[in-house]
Each structure stands twice: as structure tokens, then as C-alpha cells.
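For the sequence shown, position 173 matches number 172 in numbering that gives the first Met the number 0, and the numbering has no gaps at all. Cβ coordinates follow ideal geometry from the N, Cα and C atoms, glycine included. All remarks here apply to the structure that follows.
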Amino acid sequence: MHLKRYKAFYHCNTAAFVASVVVIIIVQNKHLNTLGHAALKMAMILDLFGLMGAYVAGSCRDNATNIYVSALAVVFFVYIIAKVVAYASQGRESCPTRWVQRMRDKLIEHLTPNEPPRQGEGEPPLDEEKGEQKKLERKRKFLLQLAILAATVTYQTGLNPPGGFWSETESKGERPLTAGDPVLLDHYGSRYEVFFYCNATGFMASVAVILLLVNQRLYKQGIRSKALKVCVMVGLLGLMGAYAAGSCRLLRTSIYVFALVAAVVAFLVLQILFFRCGRRKLPEQPHGENEGDEVPGQSWVPECLQRWLKPLSSAPDGKNEGDEVSSQPKRRRQDYEKSKSLMLLGILAASVTYQAGLAPPGGTWGDDDDVVVSPSAAYISHAGNPILLDTNTKRYQAFFYCNATSFVASIVVILLLLQRNVSKRGASLQAMHTAVVLDLLGLLGAYAAGSCRYLETSAYVIALVAMVVVFITIHVLLSIGRRAWEGQEGHGVEDNDDDRSDQTVSATRL
């Protein structure tokens with residue numbers, strides 16, 4: 000039926016698999032890793048283009064969708080390149096001009112006597128350059144991990160959409176059914192189209208980001224110009240749209256998931272607006288209330304909102320985290336380690352909940368030959384609908400809502416970390432810790448509801464979850480008490496040292 004399409008998918012997927020094996024061999028071998036750097040790049044590029052070709056051939060059934068998905072990749076590449084070129088050319092001289100300026104500076108340096116450089120002149124210190132390179136490398140790793148997450152889950156779900164495929168070709172009914180076509184396309188055409196286009200957008204955006212991050216010349220400008228950040232955010236939003244369209248069959252559940260997604264988008268937009276508008280100043284007043292008082296420009300954000308939002312952008316002790324990070328290298332390293340741990344947890348939860356939401360426990364109905372009456376007596380099962388929804392409605396609903404909450408919470412954590420690590424501002428780590436706790440609790444609830452069919456097994460899993468929560472609570476309380484005891488002991492030692500020093504001073508005076 001689709002022989003040419005299958006051959007294109009097979010050859011592209013095989014080429015991507017062989018290229019990935021070659022990349023692994025080159026990376027693992029130290030001798031090949033030092034000598035075959037160019038070969039490694041070519042293998043990675045071939046791998047990614049093979050994945051793109053396999054996705055286009057395997058996820059589509061007509062030429063129109065092929066053209067659309069291929070055009071998506073071109074759009075993302077053109078946007079990133081245009082953004083990088085615009086950022087590089089803005090307020091900067093051309094290469095010949097910079098070369099002439101360097102030659103002029105060298106000539107002046109040889110002709111003039113050796114003098115100590117003035118403050119603010121000369122090249123930046125080597126430590127600052129190393130620090131800048133280290134920050135760019137960290138941002139590159141962060142974006143690369145997020146892009147790999149989106150590419151992995153969207154590739155699998157794009158080739159295996161929710162609801163499965165028709166196993167036989169039938170010509171009965173208004174529309175003939177073709178073996179190998181998605182079931183969801185025939186029963187919920189609009190829902191499947193939303194899922195398909197959102198999933199394809201997430202996949203192409205993530206692959207474009209990976210290709211740019213592999214290039215050593217372009218990824219630095221791509222990070223500085225925020226082009227890669229925008230593409231990653233578009234990919235994650237496409238992931239949420241695909242989840243909302245592919246995991247639901249009823250309008251009520253779709254509204255719930257779309258409301259969660261809309262809340263995430265609104266939160267991000269408000270946060271960006273507050274950070275941008277909060278930096279704007281109103282015109283300064285000419286005179287203060289009292290003579291000699293200086294009235295600085297007031298912030299655009301109202302003072303009451305600043306008081307409400309201050310805990311979200313400050314550390315637990317009330318100090319600004321950005322100031323502490325910039326002044327304390329140790330604190331900056333600790334924040335980086337915490338951000339990395341939170342990112343790994345968010346990626347773990349997002350990947351498993353995305354796949355579980357689109358392929359729910361119990362599977363889906365395969366055809367309409369055997370119509371089963373739902374326990375609610377108001378819902379007739381169709382092909383592509385979850386079986387557990389008909390056999391145990393309450394259990395499936397508990398799984399669905401817990402899984403959806405966990406997925407959206409993980410995306411929130413990832414987006415907040417993306418804004419914090421790339422833009423150097425964002426919500427505090429304490430707020431992200433809270434979101435991660437909600438994420439993991441939703442994951443546990445979805446597992447307890449989806450992995451069991453009887454009340455006894457569900458009670459066992461819930462008891463295990465309660466034991467874990469109690470253990471964590473006891474561990475936190477013990478750690479807090481230990482820190483408080485160590486602090487009191489340290490103050491006692493300082494008081495004893497002060498008493499001894501006072502006695503020494505008194506003896507010296509006598």
C-alpha cells in the first residue's frame with residue numbers, strides 16, 4: 000500500500016542507526032576520538048538527517064503532510080541562522096575592519112614604550128574568558144539534554160501515534176479503512192491533526208537545535224542571541240499540545256489538560272513581562288517631599304506586586320540569589336548542581352508521563368466489531384479509546400489526572416530552569432523544588448492507579464508511597480535539627496573564645 004514510503008523510512012532509519020553506532024564507537028575509543036573529530040561530526044549530522052527522513056516517511060501517509068513536516072525543519076533552520084547573523088552583525092565591524100584594527104593596535108604597541116595598561120583598557124583577563132567559555136558550555140549541555148528529550152519522545156510517538164493502527168483493510172462505512180493508517184485519524188480527525196502537527200513541530204525544533212549545538216562555530220552565537228532557547232521552548236510547548244490532543248478522547252478531559260497548558264503559558268508570559276517591565280523606570284520627580292531628599296525613579300511594577308513576587312525571586316534568607324551567585328563561587332557551584340539535579344528529574348518525569356499518557360495502561364480498542372457498553376452507560380467504546388476507561392472508569396480517571404498533572408509540572412520545571420540558566424534570571428530553586436515534589440507525587444499516584452486492578456494491590460502501593468513520604472519527612476526534620484544543633488554549638492564555641500580573649504586582655508592590662 001505504501002511501499003515507497005516504507006522503503007524511504009527503512010533506509011533512513013537504518014542509516015541513522017548505523018551512524019549512531021559509529022558515533023558511539025568513535026567516542027568510546029580514545030585514539031579515534033582524537034583523530035576522527037571531523038568524522039564524528041559527519042556521523043552525527045548523518046544520524047540526525049536520517050532521523051528526520053525516517054520521521055517524515057513513517058509518520059505521514061500523504062504528500063501534503065510530507066511537505067509540511069519538511070518545511071518545518073527549513074523554517075527552524077532559517078530562523079536560527081537569521082537570528083545568529085543579525086546578532087553577529089549588530090553593532091560590530093566586518094572581518095577586514097577587525098583585522099585592520101588588530102594590526103594597527105599591534106603597530107602602536109611596538110612603537111610606544113612599555114607602560115602599564117590603564118584601568119578598563121587592554122584585553123579581558125584570562126580567567127574571565129575561561130569563565131565565559133564554561134558558562135556557554137554549561138548552557139550548551141543544558142539545551143542539548145532538553146533537545147534530546149523532545150526528539151526522543153516525539154520520534155517514538157510520531158511513528159506510533161496514540162490509538163494504534165488498523166490491522167485490516169475494510170471498505171464498509173462512509174470512509175474506507177486502510178491497514179496501517181492511524182485509528183485516531185478516522186474517529187477523531189481534528190484531534191489527530193492537532194496531535195500530529197504539535198508533535199512534528201516539537202521533533203523538528205529539537206533536531207534543529209541539536210544540529211546547531213553540534214557546530215562549534217554557530218552554537219555560541221545561537222546561545223547568545225537566544226535563538227536556541229526560543230526553539231527549545233517552542234519544542235516543549237509543542238510537546239504539551241501533542242499530549243493534550245493525543246491523551247484525551249472527551250471534551251472534558253481535553254479542557255482540563257488545555258487549562259493546565261494555558262496556565263503554564265500564562266505563567267511564563269507574566270514572568271517575562273514582570274522581569275522586562277520591572278526594569279523600566281518612571282520619570283524622576285524634580286523635587287522630593289523634603290528639601291534635599293532625592294527621589295529615585297520608581298519601578299513600573301506596583302510596589303504591592305513587588306512585595307508579593309519578591310519571595311519567588313529571592314533566597315530563603317531574604318537575599319537576592321543573583322547577587323549571592325555572582326559574589327560567591329561556591330554558592331554558584333551549588334546552585335548549578337541543584338539545577339542539574341532538578342533538570343534530570345524533570346526530564347525523567349516528562350519522558351515517562353508523555354509516553355504513558357499517549358499509550359495508557361490496558362491499551363486501546365482495536366476495532367468496532369465488538370462494542371462494549373461502558374460502566375457509566377453513557378459512553379460507547381470506539382476503536383482507539385482506552386480499554387481501562389470502559390472497564391474501570393474511576394481508576395483510569397485517577398491515572399489520567401495524576402499523569403497529566405505530573406507531566407505539566409515537569410514541563411514547568413524544565414521551562415523555569417531554561418529561563419534561569421540561559422537568561423540568568425527566573426524563579427528561585429525553592430519554587431522549583433516544590434514543583435518537583437508535586438511532579439513526583441503525581442507520578443506515584445499515576446503508577447498506583449494504572450499498574451493495579453484490585454483494591455488490595457492499590458492499597459499496597461499507596462502504603463509504600465506513604466512510607467516513602469514519612470521517611471523523607473523524618474529525614475528532613477533530622478537534618479534541620481542537626482543543623483540547628485551545630486549552629487548552637489558553634490555559637491557556644493565563639494562565646495568561649497570571646498571570654499578567653501577578654502580574660503587575656505584583662506591579664507595583660509594588670
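Asked	Found
The stretch 211-228 contacting the stretch 65-74, beta-carbon criterion three pairs below 8 Å	no
Burial state of L249 (16 or more Cβ within 10 Å)	exposed
Contact belief for M239 with I410 at Cβ below 8 Å, rounded distance in angstroms	6 Å
Presumed contact (8 Å Cβ cut-off) between V520 and C230, rounded CB distance	For residue 520 there is no data in the structure shown, the boundaries of the chain being 0 and 509.
Alpha-carbon to alpha-carbon, K3 and L416	43 Å
Where A314 falls: helix, strand or coil (DSSP)	Low local confidence applies: a pLDDT of 44 at A314 is under 50, so the model's placement there is unreliable, with the coordinate-based value given in what follows. Reduced to three states, the DSSP call for A314 is coil.
Member of V26, A348, F470, V17 whose CA lies at the smallest distance from the CA of A434	A348
Rounded separation between Y5 and L235 - CA only	29 Å
Counted within 10 angstroms of its Cβ, other Cβ atoms place R482 as buried (16 or more) or exposed	exposed
Straight-line Cα distance separating V193 from I379	Confidence in I379 is poor, its pLDDT being 42 and thus under 50, which makes the residue's placement too unreliable to answer from.
Inter-residue spacing [alpha-carbon to alpha-carbon] between A226 and E455	52 Å
Buried versus exposed call for N384 [16 or more other C-beta atoms within 10 Å across all chains shown]	buried
C-alpha gap between W307 and F406, whole angstroms	Reliability fails at W307, whose pLDDT of 49 lies under 50, so the model's placement of it is uncertain and the value that follows must be treated cautiously. In a straight line, the C-alpha of W307 is about 27 Å away from that of F406.
Own chain partners of A355 with C-beta closer than 8 Å, once the 5 adjacent residues on each side are dropped	N402, A445, G449
Alpha-carbon spacing of H10 relative to F470, whole angstroms	52 Å
Contact under 7 Å by Cβ, A87 with A56	no
Minimum C-alpha distance to A81 - residue among R251, A14, L211, Y187	L211
T64: first and last residue of the uninterrupted alpha helix (DSSP H) it sits in	62-88
C-alpha distance - F16 paired with Q418, whole-angstrom precision	33 Å
For P161, the residue or residues it bridges with in DSSP	None, per the DSSP bridge assignment.
Boundaries (first-last residue) of the alpha helix (DSSP H) holding H10	2-27
Beta carbon of V152 nearer than 7 Å to that of S350	yes
Closest by C-alpha distance to L440, when choosing among Y453, I461, C451	I461
Assigned exposure category for I484 - 16 Cβ within 10 Å defines buried	The displayed chain sequence assigns Trp, not Ile, to residue 484. Under this definition W484 is an exposed residue.
Coarse secondary structure for P385, derived from DSSP in three states	strand
Nearest-angstrom beta carbon gap, A14 and L45 [assumed within contact, 8 Å]	7 Å
Residue closest to V77, alpha-carbon to alpha-carbon, out of M203, A358, G130	M203
Outcome for T363 when other beta-carbon atoms lying within 10 angstroms are tallied against a minimum of 16	buried
Assigned secondary structure, P328 (DSSP; H/G/I helix, E/B strand, else coil)	helix
Counterpart residues of P181 in DSSP-defined beta bridges	F164
Burial state of G245 (16 or more Cβ within 10 Å)	buried
Within 7 Å, strictly: CB atoms of A150 and V206	yes
8 Å CB neighbourhood of L183 in its chain, flanking five on each side removed	P160, P161, G162, R190, Y191, F194, G245, G383
C-alpha distance - K40 paired with Y196, whole-angstrom precision	30 Å
Whole-Å CB distance - Y242 paired with Y353, under 8 Å assumed	6 Å
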